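What follows is a short report on a single structure.
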Amino acid sequence: MDPCDKQMLQQHHQQLQQQLSMSKSARQRCNNYEWIFSDVPTDITIEVGGRIFALHKYPLVSKSGRIRKLVAEHRDSDFSKIELLNLPGGAESFELAAKFCYGVNFEITSSNVAQLFCVSDYLEMTEEYAKDNLGSRTETYLDSVVCKSLEMCVEVLQHCEYLLPLADELKIVNKCTDAIASKACAEQIASSFSRLEYSSSGRLHMNKQTKCDGDWWIEDISALRVDLYQRIIAAMKCRGVRPESIGASLVNYAQKILTKKSNLWNPSSQPKDDMVVSSIEHEQRLVVEAIVSLLPVEKLVVPISFLLDS
Numbered sequence: 001m002d003p004c005d006k007q008m009l010q011q012h013h014q015q016l017q018q019q020l021s022m023s024k025s026a027r028q029r030c031n032n033y034e035w036i037f038s039d040v041p042t043d044i045t046i047e048v049g050g051r052i053f054a055l056h057k058y059p060l061v062s063k064s065g066r067i068r069k070l071v072a073e074h075r076d077s078d079f080s081k082i083e084l085l086n087l088p089g090g091a092e093s094f095e096l097a098a099k100f101c102y103g104v105n106f107e108i109t110s111s112n113v114a115q116l117f118c119v120s121d122y123l124e125m126t127e128e129y130a131k132d133n134l135g136s137r138t139e140t141y142l143d144s145v146v147c148k149s150l151e152m153c154v155e156v157l158q159h160c161e162y163l164l165p166l167a168d169e170l171k172i173v174n175k176c177t178d179a180i181a182s183k184a185c186a187e188q189i190a191s192s193f194s195r196l197e198y199s200s201s202g203r204l205h206m207n208k209q210t211k212c213d214g215d216w217w218i219e220d221i222s223a224l225r226v227d228l229y230q231r232i233i234a235a236m237k238c239r240g241v242r243p244e245s246i247g248a249s250l251v252n253y254a255q256k257i258l259t260k261k262s263n264l265w266n267p268s269s270q271p272k273d274d275m276v277v278s279s280i281e282h283e284q285r286l287v288v289e290a291i292v293s294l295l296p297v298e299k300l301v302v303p304i305s306f307l308l309d310s
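Using the UniProt record's numbering, read the sequence shown as starting at 1 and increasing by one per residue.
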């Protein structure tokens with residue numbers, strides 16, 4: 001660390017610690033920004049997406065490399081306001097990151113881990129600036145909790161739709177798609193073993209597969225946007241998931257998504273809007289093209305007419 005930066009941090013730390021001696025109870029109150037040290041005058045204002053946060057420099061610069069650099073660049077001037085443009089997740093994400101800097105406890109979940117991972121990258125909240133920082137905390141949760149559950153992976157991917165391309169660059173999408181494909185493959189193997197039994201002659205054989213046996217994931221992934229769904233199916237093919245399962249998923253996805261998009265505009269209930277119709281037709285075409293590109297090459301796996309019936 002630059003000696004000047006280190007000296008600045010030490011000065012801020014000493015000043016803040018003196019002022020905080022009588023305000024520890026303010027740390028745990030979380031409504032209307034009461035989690036901020038209310039008895040200590042703020043010395044920096046952060047603007048994110050039109051929302052203003054009156055905060056203290058030391059907690060922020062102690063964990064955020066980005067804010068530390070911005071403050072250090074203007075240490076000779078009366079620098080007290082920062083506008084953070086294009087922050088992933090907007091003001092909601094920044095508020096959680098700020099709480100983390102202040103030491104306020106909150107739960108990392110499958111509904112916020114993607115935005116926290118992205119905002120930690122944006123704010124440079126890495127191990128270089130603080131041990132067990134937000135970046136490593138969110139990555140650990142993603143690897144050790146989310147990727148163990150197919151349902152949680154799907155939920156994270158749904159939130160990633162609004163965080164692209166950063167969520168892709170940070171490998172969040174890859175981790176979740178690979179985890180889903182691995183889970184589906186494991187379910188397929190487990191399902192196959194469960195159908196093995198011995199005949200009366202003592203020979204091992206496999207029972208007839210029941211419909212969608214081990215394919216409970218089909219409905220879960222149908223909630224995803226087509227580009228993410230496409231990546232999951234491609235990953236499943238690489239993992240060796242049954243063509244029949246892939247085909248069943250494609251049919252289900254086509255019926256669900258194309259029907260849903262068709263219902264967005266009902267000519268009998270509202271006036272015709274050429275722009276709306278054109279947009280829906282374009283989205284439908286993208287879905288159809290994606291599904292066609294994913295069709296299994298094996299014969300009789302998918303009924304020929306399923307796209308026409310969707």
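Positions of the beta carbon are idealized from the N, C-alpha and C atoms, including for glycine.
Being a predicted model, the structure only gives us computed values, none of them experimental.
Assignment of Arg51 by DSSP, reduced to helix, strand and coil, places it in the strand class. Ile108: not part of any beta strand (DSSP E); DSSP gives it neither H nor E.
In the DSSP assignment, Glu83 is bridged to Glu47. In terms of Cβ geometry, Lys63 and Leu116 do not form a close pair [threshold 9 Å].
Fewer than three Cβ pairs drawn from the stretch 98-106 and the stretch 166-174 lie within less than 8 Å of each other, which leaves the two stretches out of contact. Rounded to the nearest whole angstrom, the CA to CA distance from Ile52 to Ile46 is 6 Å. Secondary structure note for Leu60: its alpha helix (DSSP H) is the uninterrupted segment Lys57 to Val61. Judged by their CB atoms, Tyr122 and Leu87 are nearer to each other than the 9 Å cut-off.
With 16 or more other Cβ atoms from the protein chains shown falling within 10 Å of its own Cβ, Pro59 counts as buried. Here Ala54 has Thr42 and Thr45 as same chain residues with Cβ atoms under 7 Å from its own Cβ, once five neighbours each way along the sequence are excluded.
Bounds of the alpha helix (DSSP H) holding Lys237 are Val226 to Arg239.
With fewer than 16 neighbouring CB atoms inside 10 Å of its own CB, Ile189 falls in the exposed class. With respect to the C-alpha of Lys81, the residue from Gly89, Ala91 and Leu70 having the closest C-alpha is Leu70. Around Leu170, the same chain offers Phe117, Cys118 and Asp121 as residues with beta carbons nearer than 8 Å, after the five sequence neighbours per side are excluded.
The C-alpha of Ile232 lies about 39 Å from the C-alpha of Val61.
Each residue's CA atom was taken as its position, placing Glu128 and Ile280 some 47 Å apart. Counted as a single uninterrupted DSSP element, the alpha helix (DSSP H) harbouring Arg68 occupies residues Gly65 to Glu73. DSSP, read as helix, strand or coil, puts Glu151 in helix. The C-beta distance from Ala184 to Trp217 rounds to 5 Å, short enough to meet the 8 Å contact threshold. In the DSSP assignment, Arg137 falls within the unbroken alpha helix (DSSP H) covering Leu134 to Ser144.
Counting of Cβ neighbours within 10 angstroms places Cys238 among the exposed residues, the total staying below 16. Sixteen is the threshold: since fewer than 16 other Cβ atoms of the shown chains lie within 10 Å of the Cβ of Glu73, the residue is exposed. In the three-state scheme derived from DSSP, where H, G and I count as helix and E and B as strand, Tyr162 is classed as coil. Contact annotation: Arg225 and Glu161 have beta-carbon atoms nearer than 9 Å. With a beta-carbon spacing of about 6 Å, Val156 and Ser110 fall inside the 8 Å limit used to define contacts.
In the assembly as shown, Ala186 is an exposed residue. Its beta-carbon has fewer than 16 other beta-carbons within 10 Å. Here Gly103 carries a coil assignment [DSSP, helix/strand/coil].
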